[in-house]
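Please read the structure below before turning to the comments.
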Amino acid sequence: ESNASITAEQLFLLEALGRATDDDRREIAAELLATQGDDGGWPVWHGAAGDLSVTVEAWYALRLAGVPAESEPMRRARDRILMLGGANKARFFTRLWLAVLGKYPWKSLPAAAPELMLLPPRAPLSVYRFASWARGTFVPLLAVLSRNPTFPQQPSVEEIFAESPGSVDGPPPRAPGPLTSTMRRLMPLARTYNRWPVASVRRASERRIRRWILDRQEVDGSWAGIQPPWVYSIIALHALGMPLDHPVIERALDGFSAFALRREGRLRIQSCISPVWDTCLAAIAIHDSGTAGDDDAVDRARDWLMAREITHEGDWRRISRRGEAGGWAFEFHNAWYPDTDDTAEVLLALLKAGVPPGDGVVQRAVDWLLAMQSKDGGWGAFDVDNTSRLVGQFPVCDFGEVIDPATEDVTGHVLEALVDCGVPVGHPAVRAGIAYLRARQRDDGSWWGRWGVNHVYGTGSVLPALAASGVNMQEPWVRRAVAWLQACQNEDGGWGEDIESYRDPSLAGIGPSTASQTAWALIGLMAADPGNPAIEGGIAWLVRKQAADGGWDEDAFTGTGFPLDFMIKYHYYRLYFPVMALGRYAT
């Protein structure tokens, strides 16, 4: 579960392509109206203030669905948008959708030349310098931002703009640098070139883009198993001349049905789905609970996971010249983008399910993980040394993360898996990983969490890795991490951390107790200091808060897509992490 923009953009796509039905409009409108915040806007996560860009998209989706502009929900949304500066201040992707729908001038958006696609993979501005998720979006955008496909819609947007659309600049890049102003000044030149390109070079560029997109469509119709590359690839292919009834586009549109949740007259689109991640973590939890022998759940999970090994050489090979393919992706289908985090957790699940470390599937994954280690000793999620600060200065990069450097939580998971799979603790990769983690420890003793909220997640991911890797858990730097977790425990015995800690590090480890974050803290403490008195309080909190159905209630978003910009609620986090913690305590 993410935010309303994903569902709104589904209606944008369907309306642009002439595929929206009355049921789509009615059910999407019902979903959006039901999730509007008290301030009139739509937030990025439950409990947050209404976000400008998400609110603009939800407002226009409701207008497309036929909700009158003068209705009370729409007036409240409009007031929120104007209070936040108006739609001209929305992020690039929001303004891009308005341009696609004929409501924002293309000339006021950044331009991009498809010829960038011809650069070699290691060139400074190559598409392979972007993180995998950004790359999958940026490549089709090269066609969209040069071809400017427009599908005019009827409802107007003037009332949500404080000035005329496109008359003022949008937000700057999220990570500006010395070339930011130069790139902005080059935009008129890029637009001019897009009007009068070198014909032969433009044809070659667009052929490369088309081929790249076609090669990466998954069997379920998606691209990379996530929404942004998916929707922009459809628009790009159509802009490049592919008819809407082409099997590629038909398969892509049909694929959204697996991401759609229709309940009680409402339709919500998931930004992605996480079956591999959920399955391996659930299998670990069942094993750790001591109930694995009660049925064949772990065995069936093992067989299912092993059947989904990826041996295809994906985009990672364009930069990494080492190792052979062998790993797992997050989704049902994402052969081009296995990731180190899923691969590490799948390995841990397979070992617990009885797969020997010497098994071929395990060894291939270990070899691949070793090949994916970055120069700083850590691991990123999808690529090696994906650290370019240049690509983040593109004017389109005003949202989210566009690079994939090594992170503490992923590095912790990978180290734990490697050592459990038999890599010696004295191996250079293990020593380098430990050195990376030691260097990345914060002054307060915690570690930042890239893919979960936040320092509780990071610290809970690192401590088990240090214990598995032979680190002396009495060393002062490890004890500082233990002391930090102990100090963050709430009076009720649990742990929690607010998403705002990504903005304000002084909030690290502070927030109402949640089941998933309490479990992460316990997992870290039990690995580093099994006799710590804080453990008893955390276990008592989980026992006390368990619901009659065996689960735990949790409204909080504790998963992270992009810190602050795109937060995720994994509905199983409230289940398998507490079971993991309780099981490890019991044994």
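The sequence shown begins at -2 in my numbering and counts up by one. Beta carbons: idealized from backbone N, C-alpha and C, even for Gly.
Residue of the options minimising C-alpha distance to residue i
{"i": "E306", "options": "A322, W313 and D291", "result": "A322"}
{"i": "L302", "options": "A294, D312 and V343", "result": "V343"}
{"i": "A1", "options": "L234, D242 and L29", "result": "L29"}
{"i": "R213", "options": "R200, I231 and S197", "result": "I231"}
{"i": "W42", "options": "L234, P509 and T557", "result": "T557"}
{"i": "A96", "options": "E497, T147 and G83", "result": "T147"}
{"i": "L586", "options": "Q151, L14, K100 and L116", "result": "Not covered by the structure: residue 586. The range shown for the chain is -2 to 584."}
{"i": "L142", "options": "G262, P102, P118 and D495", "result": "P102"}
{"i": "D526", "options": "G457, E6 and P117", "result": "G457"}
{"i": "V64", "options": "D440, D339 and D19", "result": "D19"}
{"i": "N469", "options": "Q438, A524, W444 and G446", "result": "A524"}
{"i": "R581", "options": "G528, G547 and C394", "result": "G528"}
{"i": "V154", "options": "D356, A55 and L522", "result": "A55"}
{"i": "G423", "options": "G467, A414 and R439", "result": "G467"}
Residue i, DSSP secondary structure in three states
{"i": "F559", "result": "strand"}
{"i": "I223", "result": "strand"}
{"i": "G324", "result": "strand"}
{"i": "T308", "result": "coil"}
{"i": "L81", "result": "coil"}
{"i": "T584", "result": "coil"}
{"i": "A5", "result": "helix"}
{"i": "L539", "result": "helix"}
{"i": "T408", "result": "helix"}
{"i": "M369", "result": "coil"}
{"i": "N0", "result": "coil"}
{"i": "M470", "result": "coil"}
{"i": "R299", "result": "helix"}
{"i": "D48", "result": "strand"}
{"i": "C418", "result": "coil"}
{"i": "W376", "result": "strand"}
{"i": "A462", "result": "helix"}
{"i": "W39", "result": "strand"}
{"i": "A282", "result": "helix"}
{"i": "I565", "result": "strand"}
{"i": "G449", "result": "strand"}
{"i": "D615", "result": "Coverage of the chain is limited to positions -2 through 584, which leaves residue 615 absent and any answer about it impossible."}
{"i": "L264", "result": "strand"}
{"i": "N191", "result": "helix"}
Residue j beta carbon less than 8 Å from that of residue i
{"i": "A74", "j": "G37", "result": "yes"}
{"i": "G320", "j": "W274", "result": "no"}
{"i": "P107", "j": "P392", "result": "yes"}
{"i": "F90", "j": "V388", "result": "no"}
{"i": "A341", "j": "V411", "result": "yes"}
{"i": "R588", "j": "G47", "result": "Past the boundaries of the shown model lies residue 588; the chain is included only from -2 to 584, so the question cannot be answered."}
{"i": "L539", "j": "A578", "result": "yes"}
{"i": "P225", "j": "T134", "result": "yes"}
{"i": "E203", "j": "A140", "result": "yes"}
{"i": "A516", "j": "K542", "result": "no"}
{"i": "N85", "j": "A159", "result": "yes"}
{"i": "V615", "j": "A465", "result": "Absent from the model: residue 615. The displayed extent of the chain is -2 to 584, so no value can be given."}
{"i": "G374", "j": "A432", "result": "yes"}
{"i": "D339", "j": "S129", "result": "no"}
{"i": "R435", "j": "W474", "result": "yes"}
{"i": "I266", "j": "I565", "result": "no"}
{"i": "Y229", "j": "L138", "result": "yes"}
Residue i: CB within 7 Å of a non-hydrogen atom of the ligand NAD
{"i": "S129", "result": "The ligand NAD is absent from the structure shown, which contains no ligand whatsoever."}
Sequence-distant residues of its chain with Cβ nearer than 6 Å to residue i (five each side left out)
{"i": "V381", "result": "I316, S317, M369 and S371"}
{"i": "W209", "result": "V136"}
{"i": "V576", "result": "A282 and S286"}
{"i": "W227", "result": "S219 and W220"}
{"i": "R361", "result": "G323"}
Close beta carbons around residue i, own chain, < 7 Å, minus the five adjacent residues each side
{"i": "G442", "result": "R477, A478, A480 and W481"}
{"i": "D251", "result": "G218"}
{"i": "R16", "result": "L250"}
{"i": "F396", "result": "R88, F89, F90, R171 and D562"}
{"i": "E156", "result": "A66 and R75"}
{"i": "D489", "result": "S510 and W538"}
{"i": "A583", "result": "G287"}
{"i": "E27", "result": "It is worth fixing the name first, because residue 27 is Ala in this sequence and not Glu. Cβ within range, chain order: G262 and R263."}
Neighbourhood of residue i by C-beta, 8 Å cutoff - its chain only, sequence neighbours within 5 removed
{"i": "Q486", "result": "W492, A518, A531, G534 and G535"}
{"i": "H309", "result": "A322, A332 and W333"}
{"i": "L237", "result": "A140, R144, E203, I206 and R207"}
{"i": "G222", "result": "E215, C269, I270, A326, F327, E328, F329, H330, N331 and Y334"}
{"i": "S498", "result": "V450, N451, H452, L504, A505, G506, I507 and G508"}
{"i": "E12", "result": "L61, L98, F148 and Q150"}
{"i": "H243", "result": "L234"}
{"i": "G174", "result": "R386, L387, G389 and Q390"}
- Message: Count Cβ pairs between the stretch 282 to 295 and the stretch 239 to 257 that sit closer than 8 Å; are there 3 or more?
- Response: no
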